[in-house]
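A short write-up of the structure that comes next.
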Amino acid sequence: MTDERLRVDWHNHTRDFSDGQLTLAEVAARGAELGLCLGVADHALQDNRRLREPEQLLAYAAALERYPVLRGMEISLGEPSAPDERWIGRLTHVIASLHVVRVGEHAVNTTHYLNYRAGVLPALRPPPAEVEPEAYLAAIPPLLERTFRRWPVTILGHFALVPSLAERARPEDVGACLDAVADLAVRHGVAIEINSKSRVPDLETVRRLAARGATFALGSDGHGPDTVGNLASAWETWAASGLPTSRLLAPPPGMAGG
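The sequence shown stops at residue 589 when you use this note's numbering, and every number in between is there.
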């Protein structure tokens, strides 16, 4: 595991600015200890009142610049605001994550499913009964496209379809949705995250996305001492995929780990 792309973890959180348990300094120290190039990508804008105003975002960018970390932020797909060059230009990457899919008047909470998969929640709450699987799948590609056009997205974060809806849909509709996601990511130069915390996407989905030309990024989605920099699940999926490391997002020059 010598290729520098395998030693990059683009997705971690801090308690200084978001919902992590470690300080920014502790995250940076953890990266040095593990021999990894760690990225900090705290929740921002509509998802975090602590990183919403321009002065907060400027302070965040300045804080990240004081440490040997990749300087990122995580937004939700569908973020309504627009980036400001005063702070966006100081970041190395933007993760746009599938947190919620709105279908008409209803919202499908993907985060709930991901936290259940990660063992954070003991039970899985079903999506609204009124949401039809076909409508849910049809809503996802436009959500990505709107965000990719508005924001300089680097990585599509923890992409996963909620099984209770996907499993009731026709296989051809699921396939069409996944193919559209891959095609949009390729067209806009967005890597798809293989997320260690939630163990998504699964291997079959990774291979399907890869067949459409998608590239990938590894992210622990680390929030605590045991999860920051923990790429074990992502490495396992990547190794099983058989894909070359050239299909992984490379860190900026001079910022490789180890």
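Think of the CB as a built atom: it goes at the ideal place given N, C-alpha and C, for glycine as much as any other residue. These figures come from a predicted structure and were not determined experimentally.
Run through DSSP, which three-state label would residue i get?
| i | result |
| --- | --- |
| Leu496 | helix |
| Ala571 | helix |
| His443 | helix |
| Arg448 | helix |
| Leu579 | strand |
| Val521 | coil |
| Val559 | coil |
| Ala438 | strand |
| Ser412 | coil |
| Gly420 | coil |
| Gly588 | In this predicted model, Gly588 has a pLDDT of only 47, less than 50, meaning its place in the structure is not dependable; the value taken from the coordinates is given anyway. Here Gly588 sits in coil by DSSP. |
| Ala516 | helix |
| Val505 | helix |
| Val400 | coil |
| Arg361 | helix |
| Pro483 | coil |
| Asp347 | coil |
| Gln352 | coil |
| Pro457 | coil |
| Ala470 | helix |
| Arg383 | coil |
| Met332 | Caution is warranted here: a pLDDT of 43 is assigned to Met332, below 50, making its placement in the model unreliable, and the coordinate value is therefore given only provisionally. Looking at Met332 - three-state DSSP - the assignment turns out to be coil, as it is neither helix nor strand. |
| Arg593 | The chain is shown from 332 up to 589; residue 593 falls before or after that span and cannot be answered. |
| Val537 | helix |
| Ala545 | coil |
| Glu465 | helix |
Taking residue i and residue j to be in contact with their CB atoms under 8 angstroms, please state how far apart those CB atoms are, rounded to whole angstroms.
| i | j | result |
| --- | --- | --- |
| Tyr467 | Val432 | 6 angstroms |
| Arg499 | Pro464 | 5 angstroms |
| Val439 | Pro458 | 5 angstroms |
| Cys508 | Pro473 | Contact flag wrong, Cβ pair sits at about 11 angstroms. |
| Arg389 | Trp418 | In the sequence as presented, Arg is not what sits at residue 389; that position holds Leu. 5 angstroms between Cβ atoms; contact. |
| Asp373 | Leu382 | 6 angstroms |
| Gly550 | Ala565 | 7 angstroms |
| Thr576 | Asp334 | 4 angstroms |
| Ala522 | Ala548 | 4 angstroms |
| Val425 | Trp341 | With a Cβ gap of about 10 angstroms, Val425 and Trp341 do not count as contacting. |
| Leu408 | Thr478 | 5 angstroms |
| His443 | Leu429 | About 12 angstroms; that fails the 8 angstroms criterion. |
| Leu515 | Glu476 | 6 angstroms |
In the DSSP assignment, what residue or residues form a beta bridge with residue i?
| i | result |
| --- | --- |
| Asp340 | Leu369 |
| Gly550 | Asn526 |
| His374 | Glu405 |
| Ser428 | Ser407 and Gly488 |
| Val531 | Asn526 |
| Arg433 | Ala438 |
Practice task
Would you check if the region 396–413 and the region 478–490 touch, i.e. whether three or more CB-CB distances between them fall below 8 angstroms?
Solution key: The region 478–490 vs the region 396–413: in contact.
Exercise for the section: Report yes or no: do three or more beta-carbon pairs, one from the region 542–552 and one from the region 349–360, lie closer than 8 angstroms? Expected result: These segments do not touch.
Practice task
Mind the definition here: the region 441–449 touches the region 521–532 only if three or more C-beta pairs lie below 8 angstroms; say whether that holds.
Solution key: Under the three-pair Cβ rule at 8 angstroms, the region 441–449 counts as touching the region 521–532.
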